[in-house]
Amino acid sequence: GAVVSQHPSWVICKSGTSVKIECRSLDFQATTMFWYRQFPKQSLMLMATSNEGSKATYEQGVEKDKFLINHASLTLSTLTVTSAHPEDSSFYICSATDRVAQETQYFGPGTRLLVL
Amino acid sequence: GQNIDQPTEMTATEGAIVQINCTYQTSGFNGLFWYQQHAGEAPTFLSYNVLDGLEEKGRFSSFLSRSKGYSYLLLKELQMKDSASYLCAVTRGATNKLIFGTGTLLAVQP
Chain H
29 GAVVSQHPSW VICKSGTSVK IECRSLDFQA TTMFWYRQFP KQSLMLMATS
79 NEGSKATYEQ GVEKDKFLIN HASLTLSTLT VTSAHPEDSS FYICSATDRV
129 AQETQYFGPG TRLLVL
Chain Z
24 GQNIDQPTEM TATEGAIVQI NCTYQTSGFN GLFWYQQHAG EAPTFLSYNV
74 LDGLEEKGRF SSFLSRSKGY SYLLLKELQM KDSASYLCAV TRGATNKLIF
124 GTGTLLAVQP
């Protein structure tokens, strides 16, 4: 089946530094990738939608200059949290859709970010 | 805007049946997904309903009524490993963006 990986799975960083999270579709070409954020005991909140070769579309309230998204190929999207602060500590999850079943999103295992 | 509601928590007994409801109000509705999420893990796909009616898949079934803006997930022969959060999500418009409900935390007890 469709497999999506994320790297790293865990990251701890100091306040003010930048963190890059990778999302890869391993056995399919992802037409679209999505980035979500999930705070403890809350549901997933969509941050942005990313299509290969074009600029990401951000949801209302998500700062595009703080959360940089690059979708350079059909199998890789990256999310960079710039100048991270403790309030950015969260569980970041990506998902991807393939060309065949574009309505079904396959989720990566998530990246837990802790900003000290 | 959109509104997707689920009960926050439910408790059920091993071997029993439980029904988790989801109501939604959204324009441009395409379809409704159910996902299971264990603590600290990513969601896993359970079901997708586009048309009205019941979709059965093993121990799990999902129902949709588009006219009522209502869905439910039915879990039969509950097992301890079914203890998890169950997320209802709708897609709308041309982008297939998933809008998640609040999630229901299910605790299965012996």
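Line by line, the protein sequences give chains H and Z. Using my numbering, the first residue of the first sequence is number 29, and each one after it goes up by one. Using my numbering, the first residue of the second sequence is number 24, and each one after it goes up by one. Backbone N, C-alpha and C define an ideal beta-carbon position, used for all residues, glycine too.
Out of the options, which has the shortest C-alpha to C-alpha gap to residue i?
i                 : options                                   : result
Thr106 of chain H : H:Ile49, H:His35 and H:Ser53              : H:Ile49
Thr31 of chain Z  : H:Asp55, H:Ser123, H:Val31 and H:Gln70    : H:Gln70
Thr103 of chain H : H:Trp38, H:Val47, H:Thr60 and H:Ser43     : H:Thr60
Tyr30 of chain H  : H:Gln66, H:Gly138 and H:Arg52             : Note on identity: in this sequence residue 30 of chain H is Ala, with Tyr being the wrong assignment. Of the candidates H:Gln66, H:Gly138 and H:Arg52, the one whose C-alpha sits nearest the C-alpha of Ala30 of chain H is H:Arg52.
Asn79 of chain H  : H:Ala58, H:Arg65 and H:Glu91              : H:Ala58
Thr46 of chain Z  : Z:Phe68, Z:Glu64, Z:Val113 and Z:Gln60    : Z:Val113
Gly81 of chain H  : H:Val128, H:Asp126, H:Ser33 and H:Ala100  : H:Ala100
Lys131 of chain Z : Z:Ala39, Z:Gln29, Z:Trp57 and Z:Asp28     : Sequence check: residue 131 of chain Z is Val here, not Lys. For the residues Z:Ala39, Z:Gln29, Z:Trp57 and Z:Asp28, the minimum Cα distance to Val131 of chain Z belongs to Z:Ala39.
Ala65 of chain Z  : H:Cys122, H:Leu144 and H:Asp126           : H:Cys122
Gln34 of chain H  : H:Arg127, H:Pro137, H:Leu144 and H:Thr125 : H:Pro137
Ser88 of chain Z  : Z:Leu110, Z:Thr49, Z:Gly124 and Z:Leu77   : Z:Leu77
Gly51 of chain Z  : Z:Gly63, Z:Ser106 and Z:Leu121            : Z:Leu121
Tyr95 of chain Z  : Z:Trp57, Z:Asn53 and Z:Gly63              : Z:Trp57
Thr125 of chain Z : H:Ser118, H:Met73, H:Lys42 and H:Ser37    : H:Met73
Cys111 of chain Z : Z:Thr118, Z:Pro133 and Z:Leu97            : Z:Leu97
Leu144 of chain H : H:Tyr64, H:Gly44 and H:Trp38              : H:Gly44
Met103 of chain Z : Z:Thr49, Z:Val73, Z:Ala35 and Z:Thr127    : Z:Ala35
Please state the DSSP three-state secondary structure of residue i.
i                 : result
Lys120 of chain Z : strand
Glu131 of chain H : coil
Asp93 of chain H  : coil
If I follow the unbroken beta strand (DSSP E) through residue i, where does it start and stop?
i                 : result
Lys48 of chain H  : Val47 to Ser53
Gln66 of chain H  : Ala58 to Gln66
Val31 of chain H  : Neither: Val31 of chain H is in no beta strand (DSSP E) and is coded neither H nor E.
Gln132 of chain Z : Thr127 to Gln132
Asp126 of chain H : Ser118 to Asp126
Ser105 of chain H : Leu104 to Val109
Ala107 of chain Z : Ala107 to Arg115
Met73 of chain H  : Met73 to Asn79
Leu141 of chain H : Thr139 to Val143
query: Listed from N- to C-terminal order along the chain, which residues in the region 68 to 94 of chain Z have their beta-carbon within a distance smaller than 7 Å of any beta-carbon of chain H?
result: Phe68 and Tyr71
field: Completely contained beta strand (DSSP E) runs for the region 25 to 96 of chain Z, where each covers 3 or more residues
entry: 26 to 28, 32 to 36, 41 to 48, 52 to 60, 67 to 72, 76 to 80 and 83 to 88
query: Taking Cβ-Cβ distances below 7 Å as the criterion, which residues of the region 98 to 131 of chain H are in contact with chain Z?
result: Ile121, Thr125, Gln130 and Glu131
query: What residues in the region 56 to 67 of chain Z have a beta carbon less than 9 Å from any beta carbon of chain H?
result: Phe56, Tyr58, Gln60, Gly63, Glu64, Ala65, Pro66 and Thr67
- request: Closer than 9 Å, Cβ to Cβ, to anything on chain Z: give me those residues from the region 71 to 85 of chain H, in chain order.
  value: Ser71, Leu72, Met73, Leu74, Thr77 and Thr85
task: Taking only beta carbons into account, state which residues of the region 116 to 128 of chain Z come closer than 9 Å to chain H, listed in chain order.
output: Thr118, Asn119, Lys120, Leu121, Ile122, Phe123, Gly124, Thr125, Gly126 and Leu128
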